[in-house]
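Down below is the structure, laid out as structure tokens.
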Amino acid sequence: MNTLTYPEAGATRLGPLPDGYHHLHHRTRVGHGRADFEAAGAAVTAFRMHRLSGARVSASAPRAQPGASVRVALGAGPFVFSAPCQVVWAEYGPERIGFAYGTLARHPECGEESFVAELADDGTVFFTVMAFSRPARWYTRLAGPLVPVAQRWYARRLGDTLRRIVTDGRAHRT
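Take a look at the structure:
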């Protein structure tokens, strides 16, 4: 296992998020019913949602499991940002499926981000991104307030992508 670049490993699982970081919390409705929930959970934990959102993902395991290495790359040409991470927790429960990864050395940020599909009591399927982070490289410090804006944009993009995956899957189930 690699060494995480922050001491608060697992804080995105149940909270609270630690002080001294920028906090992100984005929640969106992606479907309804058990089949949509299971489709969403599978897309999240197999990194399919990330890949279909435009990120290049390489992982040491086919689905999220604690200790798995994950590298997420975004951008094109000379502007590719690579983010080495490690899965710190994964959950495969009857109403909650997801995982979090934490930052490793050479990641542009320092912190943790979770991606969770949840089945509410009324059958609504929600997708939540929760994160805490702060700059770890000169260029993310230089970018200042643009980094949280980009993180919120990416969280919305993931939610939109997951909603599309669930909707497309529903069309194939009927």
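Mapping of the sequence shown onto numbering that gives the first Met the number 0: residues 0 to 173, in sequence order.
Virtual Cβ for every residue (Gly too), placed ideally from N, Cα, C.
Check                                                                                                                                                                        : Outcome
Which residues in the same chain have their Cβ closer than 8 Å to the Cβ of residue 80, if we skip the five residues on either side of it in sequence?                       : 72, 73, 74 and 107
Candidates 116, 30 and 104: which alpha carbon is nearest residue 93's?                                                                                                      : 116
Count the other CB atoms, across all protein chains shown, that sit within 10 Å of the CB of residue 121; report buried if there are 16 or more and exposed otherwise.       : exposed
What's the C-alpha gap between residue 32 and residue 52?                                                                                                                    : 23 Å
Residue 111 and residue 11 - do their beta-carbons sit closer together than 8 Å?                                                                                             : yes
Enumerate in chain order the residues of its own chain whose CB-to-CB distance from residue 22 is below 6 Å, with the five nearest sequence positions on each side excluded. : 16 and 131
Buried or exposed for residue 126, please, with buried defined as at least 16 other CB atoms from any protein chain shown within 10 angstroms of its CB.                     : buried
Can you name the start and end residues of the alpha helix (DSSP H) that residue 47 belongs to?                                                                              : 47-51
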